[in-house]
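Shown next, in structure tokens, is the structure this report addresses.
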Amino acid sequence: MKLYEQEAKDLLKKKGINIPDKDGERLVVKAQVLANDRASNGGIKFAESRDEAERIADEMKNREVKGYEVNNVLIEEKLDFESEYYIGFLYDTDTRKPALLFSSKGGTGVEDTDVKKIPLEADTEETDFQDFLEPRDIEDISDLASITYSLFQSFLEEDMRLLEANPLVYTGEKYVMLDAMVDLEDDAAFRHEWSYPERSVMTREKTEREKKAEKIDKDDHRGVAGKYTELDGDIAMML
Numbered sequence: 004m005k006l007y008e009q010e011a012k013d014l015l016k017k018k019g020i021n022i023p024d025k026d027g028e029r030l031v032v033k034a035q036v037l038a039n040d041r042a043s044n045g046g047i048k049f050a051e052s053r054d055e056a057e058r059i060a061d062e063m064k065n066r067e068v069k070g071y072e073v074n075n076v077l078i079e080e081k082l083d084f085e086s087e088y089y090i091g092f093l094y095d096t097d098t099r100k101p102a103l104l105f106s107s108k109g110g111t112g113v114e115d116t117d118v119k120k121i122p123l124e125a126d127t128e129e130t131d132f133q134d135f136l137e138p139r140d141i142e143d144i145s146d147l148a149s150i151t152y153s154l155f156q157s158f159l160e161e162d163m164r165l166l167e168a169n170p171l172v173y174t175g176e177k178y179v180m181l182d183a184m185v186d187l188e189d190d191a192a193f194r195h196e197w198s199y200p201e202r203s204v205m206t207r208e209k210t211e212r213e214k215k216a217e218k219i220d221k222d223d224h225r226g227v228a229g230k231y232t233e234l235d236g237d238i239a240m241m242l
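Per the numbering used here, residue 4 is the first one in the sequence shown, and the count goes up by one each step.
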């Protein structure tokens, strides 16, 4: 299950990760949709006042972003920062172990930067993370290593398939996570008290058959239904 940005931030805030305040002199308005590259598609805009932010939010709710209908928006403080980083965690399909993804150049277009992939063990210690981070002159590198470790623990404890903090910025005083992407493992839901509302990663609502298959899969510990997607037409490709 992919979480919306606000949901991901709320979850990670409980783990001690700093996120922007909901108010400030300058604000950013973000469409809460499960789509990448929102900024280039009108899904992220800036405001100089609360009134302007509310007006932008109302306008966003009447449109789509990359085919997704905007039902909710996030309004939060726009922060100035000195540097930005990309920190991610996923499971390496080759080693079947967790891996750290790190770049000292976060933000939009991070996929075009030199992202390091570092294999981890489930019992990797906090002290190890400082050795993983480069360059060595990173501001408050010990704090960044501690935050990276906290994100790793969240990744493991919450049964995430993917976690991305991008960008994680340094304001000159502290590190703050400006955006987050979290994908939870659906089959681990029985271990948690997740109460996230139903959502679809497709640009349409789930069909009745898809909802029934999901319920069967959720109610049976064997996961007998699996993932079911109803398709139109006679030819389809799923990757």
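For glycine and all other residues, C-beta sits at the position ideal for the given N, C-alpha and C.
Counting C-beta neighbours from all protein chains within 10 Å, is the total for residue i 16 or more, i.e. buried, or is it exposed?
i       : result
Asn-169 : buried
Ala-191 : exposed
Ser-43  : exposed
Ser-157 : buried
Thr-96  : exposed
Ser-106 : buried
Lys-12  : buried
Could you give the DSSP three-state label for residue i: helix, strand or coil?
i       : result
Asn-169 : strand
Phe-49  : strand
Leu-77  : strand
Ala-191 : helix
Ile-121 : strand
Lys-100 : strand
Asp-13  : helix
Asp-143 : coil
Asp-222 : helix
Val-179 : strand
Glu-72  : strand
Asp-95  : strand
Asp-24  : coil
Leu-159 : helix
Glu-43  : Residue identity check: residue 43 is Ser in the sequence provided, not Glu. The answer is helix: DSSP assigns Ser-43 an H, G or I state.
Val-113 : helix
Gln-35  : coil
Asp-126 : coil
Arg-58  : helix
Glu-321 : A question about residue 321 goes unanswered here, because the residues of the chain that appear run from 4 up to 242.
Sort out for me which residues DSSP pairs residue i with in a bridge.
i       : result
Ile-90  : Phe-105, Ala-168
Tyr-152 : None, per the DSSP bridge assignment.
Asp-186 : Lys-5, Leu-165
Leu-30  : Ala-50, Glu-80
Met-63  : The partner list for Met-63 (beta bridge, DSSP) is empty, contrary to what the question assumes.
Excluding the 5 residues preceding and the 5 following residue i in the sequence, name in chain order all residues of the same chain whose CB lies nearer than 6 Å to its CB.
i       : result
Ser-86  : Tyr-173
Ala-56  : Leu-30, Val-32, Ala-50, Ile-78
Met-184 : Glu-167
Grab me the residues of residue i's own chain with a C-beta within less than 8 Å of its C-beta, minus the 5 sequence neighbours each way, in chain order.
i       : result
Gly-110 : Glu-87, Tyr-89, Asn-169, Pro-170
Ala-60  : Val-32, Val-76, Ile-78
Leu-93  : Pro-101, Ala-102, Leu-104, Arg-164, Leu-165, Leu-166
Asn-74  : Gln-35, Lys-64
In whole angstroms, what is the alpha-carbon distance linking residue i and residue j?
i       : j       : result
Asn-21  : Met-180 : 6 Å
Lys-18  : Glu-129 : 15 Å
Arg-99  : Glu-160 : 17 Å
Glu-167 : Arg-58  : 30 Å
Ser-145 : Gln-133 : 6 Å
Asp-117 : Lys-108 : 8 Å
Pro-138 : Thr-210 : 49 Å
Asp-26  : Ile-78  : 8 Å
Asn-65  : Asp-54  : 18 Å
Gly-46  : Lys-218 : 32 Å
Leu-14  : Arg-212 : 31 Å
Gly-70  : Glu-196 : 31 Å
Can you give me the Cβ contacts of residue i inside the same chain, cut-off strictly under 7 Å, excluding the 5 residues immediately before and after it?
i       : result
Lys-177 : Asn-21
Pro-23  : Glu-79, Glu-80, Leu-82, Val-179, Leu-181
Ser-153 : Lys-18, Gly-19, Ile-20
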